[in-house]
Structure formats: C-alpha cells, structure tokens
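In the numbering used here, the protein residues as written are 95 to 460. Have a look at the structure below, then the notes.
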Ligand SMILES: Cc1ncc(C[n+]2csc(CCOP(=O)(O)OP(=O)(O)O)c2C)c(N)n1
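Structure, rendered in structure tokens:
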C-alpha cells in the first residue's frame with residue numbers, strides 16, 4: 095500500500111476547497127494545477143502571473159475577479175481549505191480575506207523558496223508542486239464535488255462580476271487603466287510574454303485581465319526595488335525566450351530605467367513598451383494620505399511625476415513612438431515589432447472609477 099499522504103487526506107475531506115495560485119515563474123505547472131482543479135472540483139483563483147489564466151488548458155474552474163468578489167464579502171464563498179501554489183497573489187483584499195476566514199491553508203513551497211509571508215498557513219509542504227500533484231491525483235476521488243453548489247457558487251460570482259465590470263466599462267470613451275488592461279488582455283498573442291510593472295499594472299491586470307486560450311507568460315518584479323530595471327528586464331525576457339514581449343509600466347518606472355531603452359531599441363525579438371502615463375505613481379491615490387495632505391505637496395512627496403516628454407525620449411533612443419488613446423490603438427500594437435506606446439491617462443477619476451466598479455460588482459454578487 096502507498097504511504098499515507100496528509101495533503102491528499104485534507105483535500106479529499108474538504109467540503110469547500112479552493113486552489114489559490116500566485117506568481118509562478120513559467121508555464122511548467124499549468125497542466126498539473128489545472129488537472130488538480132478539474133479532479134477536485136475546487137475553484138482556482140489565478141493571479142495572471144500564475145500563468146493559469148491564459149492558455150489552452152481547461153479553464154472552467156478559473157476565477158479571475160476574486161479581488162472584487164472577496165471585497166464584496168458575500169458569505170457562502172468562504173473555503174474550508176486553501177491549497178496555495180506560487181507566491182501570495184498581489185491582491186491585498188484576498189490576503190486579508192484569507193486571513194479572516196480562518197480556514198486550513200496548505201502552502202506548497204518548493205525547497206529554497208519562502209512563499210508564505212502572511213504566516214497563516216497551517217502546513218507548508220516542501221515539495222516540487224508537479225511531483226506532489228502527480229502523487230495526489232491517483233489518491234483523490236474523481237471530481238468529488240464537481241458541479242457542486244460550492245463550485246457553482248464561485249462560477250456564478252465570477253460571471254456576475256465579469257458582467258458587472260463589462261457593463262460598467264462598456265461605454266468608456268477614453269482609455270482608463272481598467273479598459274487599457276482589458277484591451278491588452280485581448281491583444282497579447284499566443285506564445286508572447288508580458289512584464290507587468292508596479293504599482294498599478296500588476297494590480298489592474300489582476301482585476302481586469304479576462305482569461306483567454308492563448309498561452310501568454312506573465313512576469314512581474316515586485317518588492318522594495320520593484321520599479322527598477324523594468325525596461326531592461328522586459329527586453330531580456332523577450333530575448334531570452336526568443337518570443338515577442340510586452341513591457342507594461344508606468345511613467346515613473348520608465349524614468350527609472352530610461353537607459354534600458356537603448357537595449358530595447360536593439361534586441362532582435364519584437365518588443366512593445368506600453369507606458370501608462372498617469373502622471374507619477376498611481377497607487378498613492380488609493381492610500382489614506384491622499385486626502386490628508388495638500389495636493390501639491392502630495393504630488394511632490396508621493397506621486398512624483400517624471401514630467402518627461404516621451405516622444406523626443408523615444409526618438410533619442412531610435413524607438414518608434416506612438417500615442418494611443420483608445421482600445422483599437424491598443425489592439426493595433428500587436429502588429430508592431432517595436433514600439434514605445436505612450437498611453438496618457440487622466441488620473442483624476444481613477445480612484446473613483448475603481449470604487450464604482452467595486453460597488454457594481456458588490457451589488458451584482460450579493
Ligand atoms: C526602485 C523603487 N523605488 C520605489 C519603489 C516604490 N514604488 C512602487 S510602485 C511606485 C510608483 C510607480 O509609478 P509608475 O511607474 O508611474 O506606475 P504607477 O504607479 O502609476 O502604476 C513606487 C515609487 C519601488 N518599488 N522600487
């Protein structure tokens with residue numbers, strides 16, 4: 095007989111199990127994790143950088159709008175077991191919600207990694223995730239709770255949230271950051287790479303990227319030095335993979351690695367640099383100090399816009415420049431081999447728009 099496997103026991107006994115997948119460096123684990131979701135009937139909350147949101151694999155259990163769904167706080171969606179792969183997803187709302195729900199959490203952490211900064215896991219499984227899943231699958235009953243009210247509840251919340259977002263963004267004229275990421279999600283091609291910058295691209299991608307059947311690989315570089323070197327990193331990602339790459343970054347991140355444009359202009363692989371020019375760091379408008387400091391001072395101390403004129407910057411490095419102001423312009427970037435796409439965004443309504451969308455999702459999912 096096979097040795098007992100505590101993870102298989104916990105998964106087999108869970109009535110409301112959930113898989114949470116954060117950043118994984120490549121697409122290697124996609125078949126295994128999606129097979130596990132299929133076998134268990136667990137909803138699969140997938141950060142874009144988990145690589146599970148996009149691809150030809152079975153995506154029926156994939157939940158993309160979890161940040162807004164958990165903010166809405168509907169009861170009945172709380173799990174009794176969480177099985178987590180990769181980093182903790184970016185969403186702070188998800189992190190807090192998982193902490194509050196008090197359920198059992200198993201974090202699968204390959205040796206040499208530390209993916210559990212929240213310190214809420216009941217168990218850390220030090221194993222290669224692929225090997226662990228291979229071991230688990232034959233021990234689990236076939237689709238134990240497939241099409242159960244539990245999974246259907248999550249799928250219904252996902253559809254309702256996506257519809258509420260679409261209804262809200264439908265009539266948008268100019269490009270807002272949510273609309274931009276939705277459009278980018280439709281433009282990324284099969285086999286392409288996308289590097290998502292901090293602060294807002296990684297967050298807005300997490301909330302507004304719908305899934306798709308194209309195998310796109312997402313990268314991010316978060317943390318204390320998260321906005322340094324992103325142009326060079328993106329150029330290196332495309333070159334190393336020998337695949338077309340997108341770099342989606344804010345105006346400040348571009349300023350931090352402006353010298354990287356010299357490399358970006360010369361790499362052999364197609365490279366599309368999308369600069370979300372919202373006049374400095376976008377996240378700060380969401381923080382409490384935004385209303386507590388006089389606006390000029392707030393701009394000088396927190397948002398710190400670069401003030402760069404991007405057209406001559408692109409010209410100086412020999413990069414084709416394009417100013418993009420609508421969704422069709424974003425779609426057209428997929429045809430370009432090399433471009434610095436400048437997307438001016440009016441930051442004035444950004445926080446309000448995010449809050450209205452959250453409210454629309456809350457009423458659609460409650
Ligand atoms: C080297 C470095 N400096 C500062 C930070 C803190 N930080 C994270 S996001 C951010 C703002 C980035 O602004 P921008 O590139 O314009 O993107 P946006 O926030 O508008 O999405 C800052 C200052 C960091 N992560 N790395």
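All residues carry an ideal CB built from backbone N, CA and C; glycine is no exception.
With a cutoff of 8 Å, residue 185 does not count as near ligand 1, since its C-beta is closer than that to no heavy atom of the ligand. Every unbroken stretch of the alpha helix (DSSP H) spanning 4 or more residues and falling wholly within the stretch 307-347 is given here in chain order: 324-335. About 4 Å separates the beta carbon of residue 363 from that of residue 332, a gap short enough to meet the 8 Å contact definition.
In chain order, 117, 312 and 314 place their CB closer than 6 Å to the CB of residue 143, counting only its own chain and leaving out the 5 sequence neighbours on each side.
A direct Cα-Cα distance of roughly 11 Å separates residue 448 from residue 263. Between residue 103 and residue 206, the alpha-carbon positions lie close to 26 Å from each other.
Excluding its 5 nearest sequence neighbours in each direction, residue 256 has C-beta neighbours in its own chain below 8 Å: 158, 159 and 304, listed in chain order. Following the DSSP letters along the chain, one finds residue 200 in no alpha helix (DSSP H) but inside the beta strand (DSSP E) bounded by residues 198-202.
The residues 359, in chain order, have a CB closer than 7 Å to that of residue 412 in the same chain once the five nearest residues on each side in sequence are set aside. Taking each of 407, 440 and 402 in turn and checking the Cα distance to residue 420, the smallest one comes out for 440. With a cut-off of 8 Å, the C-beta of residue 367 is classified as distant from ligand 1, since no heavy atom of the ligand falls inside that distance. For ligand 1, a non-hydrogen atom lies closer than 8 Å to the CB of residue 322. The residue from 182, 375 and 141 with its alpha-carbon nearest to that of residue 271 is 375.
Apart from the 5 residues on each side of it in sequence, residue 398 sits with its Cβ closer than 8 Å to the Cβ of 346, 374 and 375 in its chain, given in chain order.
For the pair residue 310 and residue 348, the Cα-to-Cα distance works out to about 23 Å.
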